[in-house]
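What follows is a short report on a single structure.
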Amino acid sequence: MKCIAWEDRPSVKVPGMIKISVRYFAAFREATGIESETLETPAQTPAELFSECITLHGSLRSRTASLVAINDEMADWETPLNDGDEVLFFPPVAGG
Amino acid sequence: MKRFEITAQAIDLEAFRALLISQSCGACVQFEGWVRDHNEGQKVLRLEYEVYAPLAVKEGNRILDQAMERFGVENACAVHRSGLMELSEVAVLVGVSSPHRGAAFDACRYIIDQAKLRLPIWKKEHYESGEAEWVNCRHCYAAGDHHHIG
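Protein chains in written order, with this note's numbering: chain A, 1 to 96; chain B, 97 to 246.
Put into structure tokens, the structure is as follows:
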């Protein structure tokens with residue numbers, strides 16, 4: 001078995017993990033206390049990502065009736081995520 | 097003034113109406129959404145709109161395009177406010193002009209209904225009790241965590 005020094009290791013990411021920027025709006029921002037964060041996550045969809053965010057932020061609860069956007073386009077909770085995506089979590093909207 | 101606009105300033109009703117005028121149109125329908133002094137039994141003192149403008153404008157223009165295509169109206173415009181608002185101010189304004197009134201009424205109704213469902217805009221009501229709450233969002237956070245005003 002060939003060994004390499006730790007500092008010479010290839011800079012590969014942990015398999016299955018992607019880096020995602022998350023932004024929280026309105027009630028979600030107040031629940032988490034932050035506007036945005038970057039997560040290394042195994043989540044493959046916004047739905048899975050939101051579940052992870054609930055475990056990270058105790059005050060965050062349900063996404064019922066909420067919307068999601070990826071890279072400034074409205075998306076679906078089951079849209080596949082890609083490394084480097086920016087995911088926007090929109091609590092239930094109330095314009096008008 | 098653009099076709100779909102987000103503004104923190106009072107909406108200029110005359111300038112908006114001018115966008116809709118056309119000699120081939122015999123009908124103009126406008127909807128104004130006002131800040132109301134009550135909601136679900138609570139007395140509302142004022143409210144606050146948070147808007148994610150990049151996507152609200154994009155999606156707002158899509159709604160206007162869909163209304164024009166679906167109902168065949170000639171002009172369709174809308175403006176939505178952001179920020180703090182006092183009672184009776186115009187929070188949203190939708191306008192449609194068309195050769196005949198039927199299509200104008202239908203298109204105007206479609207635009208305001210879709211805007212309420214699709215635009216990334218949130219409303220925080222400030223109540224007489226001193227509390228403030230995001231409308232439709234009670235289930236989003238743990239009880240007791242929503243009294244701070246951010």
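The beta carbon of each residue, even a glycine, is placed where N, CA and C say it ideally should be.
Note that this is a predicted model, so its numbers are computed, not measured.
- L67/A sits close to P92/A, with the two beta carbons spaced by under 9 Å.
- Among the residues of chain B, those whose CB is under 8 Å from the CB of D72/A are P150, L151, K154, following chain order.
- The Cβ-Cβ distance between C204/B and V190/B falls below 9 Å.
- The alpha-carbon of A200/B is positioned some 27 Å away from that of A149/B.
- Sixteen is the threshold: when 16 or more other Cβ atoms of the shown chains lie within 10 Å of the Cβ of H176/B, as they do, the residue is buried.
- M181/B carries a strand assignment under DSSP once its states are collapsed to helix, strand and coil.
- In this structure, the straight-line span from the alpha carbon of T79/A to that of F25/A is close to 20 Å.
- With respect to the 9 Å criterion, S193/B and N157/B are not classified as neighbours on the basis of their beta carbons.
- Just measuring C-alpha positions, the residue of N71/A, G58/A, P15/A, E30/A sitting nearest P46/A is N71/A.
- Within the region 184-218 of chain B, A187, V188, I208, A211, K212, L213, R214, L215, P216, I217, W218 place their CB atoms closer than 8 Å to a CB of chain A, listed in sequence order.
- With fewer than 16 other Cβ atoms from the protein chains shown falling within 10 Å of its own Cβ, P42/A counts as exposed.
- Per the coordinates, the alpha-carbon of P195/B lies some 38 Å from the alpha-carbon of A65/A.
- A174/B and E30/A have their C-alpha atoms roughly 29 Å apart.
- Its chain contains F50 as the residues whose beta carbon lies nearer than 6 Å to that of R63/A, once the 5 sequence neighbours on both sides are disregarded; these appear in chain order.
- The residue among V14/A, G16/A, V87/A, I34/A with its C-alpha nearest the C-alpha of G58/A is I34/A.
- Where I217/B is concerned, the enclosing beta strand (DSSP E) starts and stops at 217-223.
- Interface annotation, L88/A: in contact with chain B, CB-CB separation under 9 Å.
- Residues of chain A with a Cβ closer than 9 Å to the Cβ of W230/B are, in chain order, A26, A27, E30, P91, P92, A94.
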